[in-house]
Amino acid sequence: MDPFSAGLWSLLILTLLLASGIRIAFATTLCGFVGLWYLRGYNAAADLSAQTIYGHLTNYNLIVLPLFILMGFFAYYAGITRDLYYAARQWVGHLPGGLALATIVGSAGFAAACGASTASAAVMGRIALPELKKFGYDDKVSTGCVAAGGTMATMIPPSVLMVIYGFIAEESIGALLLAGILPGLLEAVSYMTMLYIRFRINPALGIPLPRASWADRLTSVTGVWGMVVLVVLVMGSIYSGWATPTESAAVGALGAMLLALPRISRRDFAGVFLETARATGLIFTIVSGVLIYVHFLGFTGMPGIVAAWILSFDAHPIIILVCILLLYLVLGMFLDGIGMLLLTVPIILPTIKQLGIDPIVFGVLVVRMVEIGLITPPVGLNVYVLRGVAPNISMTDMFRGCGWFVFVDIINVAILIAFPQIILLIPQTMIK
13 MDPFSAGLWS LLILTLLLAS GIRIAFATTL CGFVGLWYLR GYNAAADLSA QTIYGHLTNY
73 NLIVLPLFIL MGFFAYYAGI TRDLYYAARQ WVGHLPGGLA LATIVGSAGF AAACGASTAS
133 AAVMGRIALP ELKKFGYDDK VSTGCVAAGG TMATMIPPSV LMVIYGFIAE ESIGALLLAG
193 ILPGLLEAVS YMTMLYIRFR INPALGIPLP RASWADRLTS VTGVWGMVVL VVLVMGSIYS
253 GWATPTESAA VGALGAMLLA LPRISRRDFA GVFLETARAT GLIFTIVSGV LIYVHFLGFT
313 GMPGIVAAWI LSFDAHPIII LVCILLLYLV LGMFLDGIGM LLLTVPIILP TIKQLGIDPI
373 VFGVLVVRMV EIGLITPPVG LNVYVLRGVA PNISMTDMFR GCGWFVFVDI INVAILIAFP
433 QIILLIPQTM IK
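With the numbering used here applied, the sequence shown corresponds to residues 13 to 444, in that order.
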């Protein structure tokens, strides 16, 4: 069997393993190692697998992952998330759909400290859903707000997926993090605009709160100013060139710890590091397995063959880009974001570069498609996480509640394709 055929068979077997419920880390490790064994022999497969894992996981740039995760857990355990939601309530709660708008604002604020979508959905679900239920908000709207709001953590820095894309695509992690700022703000504003219009048309979806006094509004900000300053400092140091993303992540983790110390118990302090270790271990396990498989695919010549096949259609680059993004939309319904990026980017990125599309633009668009996959069936990880928080609401209602947000997401993707300057504006002006 020639190497390319071996690659095709491995993709089929990998698909069957994933469909049977085997975790992606183990499925990719098995397929990758067996494939290397077939092409290069057992000893070479063992050596290549060990070198691949060690060589990549000891990459200095990957330190940003546990540091940003640590920053997010300190923000959560210190109760800063609840403060963000409370402050948002005071400022926008009186508008039509005020609590729904506050949920989006709170989710965007927590995204700037978290970087993980499912964690954001779980945390905001515990905080916002009881309040939305208390004031009679429609269940579909409520769960849609929380699930879709959680996806912003994959776009707004410090995004775990942006870091992983930069790692696998060998692009500047700092530029990618900064590239997510304006698309993330566009996402938050478009979600809020859609909700505002819906509640104006149909006030029965949920009642607004009484207008808060200016004293209450200003008081509410006191609980979040520290985290806001910290996030601005972290992103500002990357933008200005004062610090690398790794150094900025260390500053962010230390700053979040100092903000949390007066508000966190000794038990929760230890829990922060335990949860960070668990989350980091899970991510690195997936990365290790997929890298072995990607290394095998490199020996099959599949990336070059796929690139040549796609380019043979001689279509406009934008048309090819849209087709690739549609493929990601389908894959996002069945694969988690990290695995999908690691599996597909090494195969598709050579084609993107030959089409003349900026890899940073492509990275933001792909992460945007991953976001859509987080709230669409049959997988919809954010929805399943939310189901654990609100078991009394059916999965059908939750997915239906996400429908309007998916519609807005698709419009946003079209805007970003038409105006890639939105993505590149901040990275192009950063000091390197």
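We put the beta carbon where it would ideally sit given N, CA and C, even for glycine.
In this text the structure is predicted, and so the values were computed from the model without any measurement.
> Exposed or buried, which one is phenylalanine 374 when buried takes at least 16 other CB atoms within 10 Å?
Replying inline: Counting from 1 along the sequence shown, the entry for residue 374 is found at position 362. Phenylalanine 374 sits buried, since 16 or more C-beta atoms from the chains shown fall within 10 Å of its C-beta.
>> Below 8 angstroms, how does it come out for the segment 333-345 and the segment 30-41: are there three or more Cβ pairs, yes or no?
In response: No, the segment 333-345 does not touch the segment 30-41.
> What residue from Ile75, Asp409, Ile438 has the CA that sits closest to serine 260's CA?
Replying inline: By 1-based counting over the sequence shown, the position of residue 260 is 248. Of the residues Ile75, Asp409, Ile438, the one whose Cα lies closest to the Cα of serine 260 is Ile75.
> Under a Cβ-count criterion, where at least 16 other Cβ atoms within 10 Å of its own Cβ denotes burial, should arginine 101 be classed as buried or exposed?
Replying inline: As a position in the sequence shown, residue 101 is number 89, starting the count at 1. Buried, because 16 or more other Cβ atoms sit within 10 Å of the Cβ of arginine 101.
>> Using a Cβ distance threshold of 8 angstroms, determine whether the segment 89-97 contacts the segment 181-193, with at least three qualifying pairs required.
In response: At 8 angstroms Cβ cutoff, the stretches do not touch.
> What is the DSSP secondary structure of aspartate 95, reduced to helix, strand or coil?
Replying inline: Position 83 of the sequence shown, counted from the start, is the residue given in the question as residue 95. Looking at aspartate 95 - three-state DSSP - the assignment turns out to be helix.
>> I'd like to know whether the C-beta atoms of threonine 312 and glycine 47 end up nearer to each other than 9 angstroms.
In response: On the sequence shown, position 300 is the one that residue 312 refers to. On the sequence shown, position 35 is the one that residue 47 refers to. Less than 9 angstroms separates the beta-carbon of threonine 312 from that of glycine 47.
> Near alanine 265, which residues of its chain fall below 6 angstroms by C-beta distance, leaving aside the five closest residues on each side in sequence?
Replying inline: Position 253 of the sequence shown, counted from the first residue, corresponds to residue 265. Its chain contains Leu79, Leu82, Met83 as the residues whose beta carbon lies nearer than 6 angstroms to that of alanine 265, once the 5 sequence neighbours on both sides are disregarded; these appear in chain order.
>> If you reduce the DSSP assignment to three classes, tell me which class methionine 149 lands in.
In response: Taking the sequence shown and counting its residues from 1, the one referred to as residue 149 is at position 137. Per the sequence shown, the amino acid found at residue 149 is tyrosine instead of methionine. DSSP places tyrosine 149 in the coil class of the three-state scheme, outside both helix and strand.
> So does the segment 385-404 actually touch the segment 120-138, counting three or more Cβ pairs closer than 8 angstroms?
Replying inline: Judged by Cβ distances under 8 angstroms, the segment 385-404 makes contact with the segment 120-138, as three or more pairs qualify.
>> For isoleucine 364, tell me which candidate among His328, Val172, Lys145, Met206 has the shortest Cα-Cα distance.
In response: Position 352 of the sequence shown, counting from 1, holds the residue named residue 364. Cα-wise, what sits closest to isoleucine 364 is His328.
>> Taking its Cβ as the centre, do 16 or more other Cβ atoms sit within 10 Å of tyrosine 66, making it buried, or is it exposed?
In response: Locating residue 66 in the sequence shown gives position 54, where the first residue counts as 1. Classification for tyrosine 66: exposed.
> Within 10 angstroms of its Cβ, does glycine 252 collect 16 or more other Cβ (buried), or is it exposed?
Replying inline: Within the sequence shown, residue 252 is the residue found at index 240, counting from 1. First, the amino acid is wrong: residue 252 is serine here, not glycine. Serine 252 comes out exposed.
> Going by the beta-carbon positions, is the gap between leucine 111 and leucine 221 smaller than 9 angstroms?
Replying inline: Working through the sequence shown from its first residue, we reach residue 111 at position 99. Working through the sequence shown from its first residue, we reach residue 221 at position 209. The Cβ atoms of leucine 111 and leucine 221 sit closer than 9 angstroms to each other.
> Could you check where the alpha helix (DSSP H) with leucine 355 kicks off and where it finishes?
Replying inline: Here residue 355 corresponds to residue number 343 of the sequence shown, with the count starting at 1. 349-366 is the span of the alpha helix (DSSP H), which, as asked, contains leucine 355.
> If you draw a straight line from the C-alpha of valine 236 to the C-alpha of asparagine 71, how long is it?
Replying inline: The residue you call residue 236 lines up with position 224 of the sequence shown. The residue you call residue 71 lines up with position 59 of the sequence shown. So the two alpha carbons sit approximately 34 angstroms from each other.
>> Mapping the DSSP letters down to three states, classify isoleucine 405 as helix, strand or coil.
In response: Walking along the sequence shown from the start, residue 405 turns up at place 393. Three-state result, isoleucine 405: coil.
> When the Cα of threonine 234 is compared with those of Tyr149, Gly121, Leu96, Tyr208, which residue comes out closest?
Replying inline: Counting from 1 along the sequence shown, the entry for residue 234 is found at position 222. Looking from the CA of threonine 234, the closest CA among Tyr149, Gly121, Leu96, Tyr208 belongs to Leu96.
>> Determine, for glutamate 199, whether the minimum Cβ-Cβ distance to residues of chain D falls below 9 angstroms.
In response: Among the chains of the structure shown, chain D does not appear; only one protein chain is present.
>> Tell me which residues share the same chain as alanine 114 and place their Cβ nearer than 7 angstroms to its Cβ, disregarding the 5 neighbours each side in the sequence.
In response: Position 102 of the sequence shown, counting from 1, holds the residue named residue 114. Correct list, in chain order: Tyr97, Ala100, Arg101, Val104, Gly105.
> How many Å lie between methionine 239 and leucine 42 at the Cα?
Replying inline: Indexing the sequence shown from 1 puts residue 239 at position 227. Indexing the sequence shown from 1 puts residue 42 at position 30. In a straight line, the C-alpha of methionine 239 is about 43 angstroms away from that of leucine 42.
>> If you reduce the DSSP assignment to three classes, tell me which class glycine 313 lands in.
In response: Within the sequence shown, numbered from 1, the residue matching residue 313 stands at position 301. Three-state result, glycine 313: coil.
> Do glycine 109 and valine 153 have their CB atoms nearer than 9 angstroms?
Replying inline: Along the sequence shown, read from residue 1 onward, the residue named residue 109 stands at position 97. Along the sequence shown, read from residue 1 onward, the residue named residue 153 stands at position 141. Their beta carbons are under 9 angstroms apart, which means glycine 109 touches valine 153 by this criterion.
> At which residues does the alpha helix (DSSP H) containing asparagine 214 begin and terminate?
Replying inline: The sequence position of residue 214 within the sequence shown is 202, counting from 1. From DSSP, asparagine 214 is part of no alpha helix (DSSP H); its letter is neither H nor E.
>> Can you give me the C-alpha to C-alpha distance between proline 371 and glutamate 383, rounded to a whole angstrom?
In response: To locate residue 371, count along the sequence shown from 1; it is residue 359. To locate residue 383, count along the sequence shown from 1; it is residue 371. The alpha-carbon atoms of proline 371 and glutamate 383 are separated by roughly 18 angstroms.
> Apart from the five residues just before and just after leucine 353, which ones in its own chain have a Cβ nearer than 6 angstroms to its Cβ?
Replying inline: Counted from its first residue, the sequence shown places residue 353 at position 341. Counting only residues of its own chain and dropping the five nearest sequence neighbours on each side, leucine 353 has a CB closer than 6 angstroms to the CB of Ile176, Tyr177.
>> I'd like the span of the alpha helix (DSSP H) that includes glutamate 259, first residue to last.
In response: Walking along the sequence shown from the start, residue 259 turns up at place 247. Here the alpha helix (DSSP H) through glutamate 259 covers 257-272.
>> I believe alanine 124 touches isoleucine 168 by the beta-carbon criterion, under 8 angstroms. Please report the beta-carbon distance rounded to the nearest angstrom.
In response: Locating residue 124 in the sequence shown gives position 112, where the first residue counts as 1. Locating residue 168 in the sequence shown gives position 156, where the first residue counts as 1. Cβ atoms of alanine 124 and isoleucine 168 come within 8 angstroms of each other, at about 5 angstroms.
>> For leucine 380, count the other beta carbons within 10 Å of its own beta carbon; 16 or more makes it buried, fewer makes it exposed. Which is it?
In response: In the sequence shown, counting from the first residue as 1, residue 380 sits at position 368. The sequence shown places arginine at residue 380, rather than the leucine named in the question. So arginine 380 ends up on the buried side.
> Hey, is the segment 299-312 in contact with the segment 335-345, meaning 3+ C-beta pairs nearer than 8 angstroms?
Replying inline: Touching, no, given that fewer than three Cβ pairs across the two stretches are closer than 8 angstroms.
>> For valine 342, count the other beta carbons within 10 Å of its own beta carbon; 16 or more makes it buried, fewer makes it exposed. Which is it?
In response: Here residue 342 refers to the residue found at position 330 of the sequence shown. Exposed is the call here.
>> Report the CB separation of phenylalanine 296 from leucine 69 in whole angstroms; it is logged as a contact under 8 angstroms.
In response: Start at 1 with the first residue of the sequence shown, and residue 296 comes out as number 284. Start at 1 with the first residue of the sequence shown, and residue 69 comes out as number 57. About 6 angstroms separates the two Cβ atoms, so the contact holds.
>> Taking the beta carbon of alanine 191 as the centre, do at least 16 other beta carbons fall within 10 Å, making it buried, or is it exposed?
In response: As a working note, residue 191 is residue 179 in the sequence shown. It is buried - the Cβ of alanine 191 has at least 16 other Cβ atoms within 10 Å.
>> For glycine 156 and serine 119, which I take to be in contact (beta-carbon distance under 8 angstroms), what is that distance rounded to the nearest angstrom?
In response: Stepping through the sequence shown from its first residue, residue 156 is reached at position 144. Stepping through the sequence shown from its first residue, residue 119 is reached at position 107. About 12 angstroms separates the two Cβ atoms, so there is no contact after all.
>> Spatial neighbours of isoleucine 387 within its chain, please: C-beta separation below 7 angstroms, excluding the five flanking residues on both sides.
In response: The residue you call residue 387 lines up with position 375 of the sequence shown. Excluding its 5 nearest sequence neighbours in each direction, isoleucine 387 has C-beta neighbours in its own chain below 7 angstroms: Ala159, Ala160, Thr163, Asn394, Val395, Cys414, Phe417, Val418, listed in chain order.
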